[in-house]
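Step one of this worksheet: look at the structure below.
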Amino acid sequence: MSTQRILEMDFSTELNKTHRIKVYDAKDPLTGAEVGAAMDNIVDKNIFSGTGGEITGKIGARLVVTDKSDIELI
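Right under this line is the structure:
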């Protein structure tokens with residue numbers, strides 16, 4: 222069995238859209254302070270943009286954890 226941890230960060234954009242950035246294999250443990258600081262850094266440095274325009278603020282974040290198990294076929 223393997224576990225996957227994905228950090229999903231949602232940002233607002235200048236065109237009032239939501240821009241999601243996913244970080245695969247997020248570290249464990251991960252604190253809200255660390256995620257918030259990383260998101261502030263992304264907004265401040267203005268390094269990402271998309272069809273919704275430039276990122277202007279933070280909306281929220283979540284950690285998605287999934288367990289995967291292979292099934293043996295007979």
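Everything in the sequence shown is counted per my numbering, starting at 222 for the first residue and increasing by one.
Positions of the beta carbon are idealized from the N, C-alpha and C atoms, including for glycine.
Quantities reported herein were computed from a predicted structural model and do not represent experimental measurements.
Using only the alpha-carbon positions, how far apart do residue i and residue j sit?
i: Ile-276; j: Thr-252; result: 22 Å
i: Asp-246; j: Gly-274; result: 27 Å
i: Asp-231; j: Met-260; result: 9 Å
i: Thr-234; j: Lys-289; result: 34 Å
i: Lys-243; j: Phe-269; result: 13 Å
i: Arg-283; j: Leu-228; result: 6 Å
i: Leu-236; j: Asn-262; result: 20 Å
i: Val-264; j: Glu-293; result: 46 Å
i: Asn-267; j: Ile-295; result: 52 Å
Should residue i and residue j be called a contact, given that it needs their Cβ atoms to be closer than 8 Å?
i: Val-286; j: Arg-241; result: no
i: Thr-239; j: Ile-280; result: yes
Grab the span of the beta strand (DSSP E) containing residue i for me, first residue to last.
i: Lys-288; result: Residue 288 is actually Asp in this sequence, not Lys. Taken as a continuous stretch (DSSP letters only), the beta strand (DSSP E) holding Asp-288 covers 274 to 289.
i: Glu-235; result: Counting along the chain, Glu-235 falls outside any beta strand (DSSP E), and DSSP gives it neither H nor E.
Between which two residues does the alpha helix (DSSP H) carrying residue i extend?
i: Asp-309; result: Outside the displayed span of the chain (222 to 295) sits residue 309, for which this structure offers no information.
What is the DSSP secondary structure of residue i, counted as helix, strand or coil?
i: Ile-292; result: coil
i: Lys-243; result: strand
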